[in-house]
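Worksheet: the structure to be examined is printed underneath.
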Amino acid sequence: MKQIEAKKFYPELETLRAIAVLMVLMAHFIPEDSFFYIPYLWYGVDLFFTISGFLITSILLKARFMTDKSNKTLLKNFYMRRALRLFPVYYLFIFFFYFAKHWGNLQMWNDDYNFYFFTYFQNIYFFKLGNFNSMFSHLWSLGVEEQFYMVWPFVILFLSKRWLPYLFGFIIFMSLSLITIFQDVPLFRSLTFANFHTLGIGALFAYFHICKPHNIIFDKIRSNRTLITIVLTPIFIITLIYSYKLGGVGPLILEFMLAITMVAYVITSTYGWQLNLKYITQNKILMHIGKISYGIYLFHLPLPAICAVFYHKLTGQDLIIPHELFSFLLFTTLTIIIAHFSFKWIETPFLNLKKKFE
Numbered sequence: 001m002k003q004i005e006a007k008k009f010y011p012e013l014e015t016l017r018a019i020a021v022l023m024v025l026m027a028h029f030i031p032e033d034s035f036f037y038i039p040y041l042w043y044g045v046d047l048f049f050t051i052s053g054f055l056i057t058s059i060l061l062k063a064r065f066m067t068d069k070s071n072k073t074l075l076k077n078f079y080m081r082r083a084l085r086l087f088p089v090y091y092l093f094i095f096f097f098y099f100a101k102h103w104g105n106l107q108m109w110n111d112d113y114n115f116y117f118f119t120y121f122q123n124i125y126f127f128k129l130g131n132f133n134s135m136f137s138h139l140w141s142l143g144v145e146e147q148f149y150m151v152w153p154f155v156i157l158f159l160s161k162r163w164l165p166y167l168f169g170f171i172i173f174m175s176l177s178l179i180t181i182f183q184d185v186p187l188f189r190s191l192t193f194a195n196f197h198t199l200g201i202g203a204l205f206a207y208f209h210i211c212k213p214h215n216i217i218f219d220k221i222r223s224n225r226t227l228i229t230i231v232l233t234p235i236f237i238i239t240l241i242y243s244y245k246l247g248g249v250g251p252l253i254l255e256f257m258l259a260i261t262m263v264a265y266v267i268t269s270t271y272g273w274q275l276n277l278k279y280i281t282q283n284k285i286l287m288h289i290g291k292i293s294y295g296i297y298l299f300h301l302p303l304p305a306i307c308a309v310f311y312h313k314l315t316g317q318d319l320i321i322p323h324e325l326f327s328f329l330l331f332t333t334l335t336i337i338i339a340h341f342s343f344k345w346i347e348t349p350f351l352n353l354k355k356k357f358e
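Listed below in structure tokens is the structure:
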């Protein structure tokens, strides 16, 4: 290994996380019949997957090649750090709704959730159900990520380095093929292996970023990253709008373009935009939103229903918000405030423990 990128923090990736989570909030908080509704913003989740594929694979590659620790120690450290990052606030969140139903008469939790949600198989629950009619439906993506985290360290730490890019290419191809074959199966896209194209392309980028930074093709992509991203964006949007006209291959082309476009944004945000955009890409507010994006994503969807319940208990009247744009701004602001204090008071004490597992 000639060179390993040792950088741990990518400020513009935080901004990209902020954009991803704001896309999700807009998708969920603005009604489809609203003038302000923008379709397809749920692809913010795929942006999260690509970022995760890149960051998690980078962490594991650095651990494998920059330390002399045993694989057993590396696995223990990885899983402990992931658990400290994800579990405390997640389990606090679902325990709140579980106990609120059984002891507080807040009827939002369904006991059918128990096994699937406590074991991070939420996506399997919704796939079996066949719909996302739940105030907790957004948690399917956390199930995908957790299942990915459980398997991926063994792949990165134990497979020969020379075979890694071929494996990444294979799982991208497999995911695209399965999506095409099972395109008519409801919620097939909620299954973990149906998201390996976005996770896998993030991992492929991590491989070149860490192990082959001077590869000729990769170097050209990196050097022209901003132009490539700008060109790919309208192509992806056009594909998004017209892919249904392509028949059976439409989903294949759309999902391929999705993966390519998402990783273009991740590459550009990792190395920096080659335009004078730092007032956006390194904006402190956006970076903070990106920093607390896990909490924002976790808390956001049930929030309007909770507000409606408490408003009715206090006033005896239904909560009616006069304008959908005001509703979006209100619930987005409340979600960010809750996530901010969650990060400060709940998540940070556990994050500080991660230093014990470096």
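Per the numbering used here, the very first residue in the sequence shown carries number 1; after that it's consecutive.
Ideal Cβ placement from N, Cα and C applies to all residues, glycine included.
The residues 232, 233 and 236, in chain order, have a CB closer than 7 angstroms to that of residue 261 in the same chain once the five nearest residues on each side in sequence are set aside. Between the alpha carbons of residue 10 and residue 146 lies a distance of about 22 angstroms. By the C-beta criterion, the region 213-229 is judged not to be in contact with the region 293-308, since fewer than 3 inter-stretch pairs fall below 8 angstroms. Residue 55 and residue 13 have their C-alpha atoms spaced approximately 10 angstroms apart. In this chain, the alpha helix (DSSP H) harbouring residue 173 covers 164-181. Proximity to residue 347 across 90, 19 and 17 peaks at 90, based on C-alpha coordinates. Short of 8 angstroms from the beta carbon of residue 305, and not among the five residues preceding or following it, lie these beta carbons of its own chain, in chain order: 108 and 135. Spanning the alpha carbons of residue 266 and residue 76 requires a straight line of approximately 28 angstroms. When the Cα atoms are used, residue 131 and residue 26 turn out to be separated by approximately 20 angstroms. Across the structure, residue 123 and residue 140 are spaced so that their CA atoms are roughly 4 angstroms apart. Within 10 angstroms of the beta-carbon of residue 175 lie 16 or more other beta-carbons, which makes it buried. Segment contact: the region 47-67 against the region 206-219, three or more CB-CB distances shorter than 8 angstroms; contact assigned. Note on the region 238-277: whole alpha helix (DSSP H) runs with a minimum of 4 residues are 250-271, in chain order. Residue 138 holds the alpha-carbon nearest to the alpha-carbon of residue 120 among 138, 350, 106 and 256. In this structure, 47 is the residue among 316, 47 and 39 with its C-alpha nearest to the C-alpha of residue 19. Relative to residue 142, the option among 85, 177 and 281 whose CA is nearest is 85. Taking a C-beta distance under 8 angstroms as the contact criterion, residue 191 and residue 43 do not qualify as a contact pair. For residue 343, the closest of 111, 298 and 313 by C-alpha to C-alpha distance is 298. Between residue 312 and residue 302, the alpha-carbon positions lie close to 16 angstroms from each other.
Nearest neighbour of residue 38 by Cα position, chosen from 336, 358, 352 and 328, turns out to be 328. For residue 116, the number of other beta carbons within 10 angstroms of its own is at least 16, and it is reported as buried. Its chain contains 180 and 183 as the residues whose beta carbon lies nearer than 8 angstroms to that of residue 248, once the 5 sequence neighbours on both sides are disregarded; these appear in chain order.
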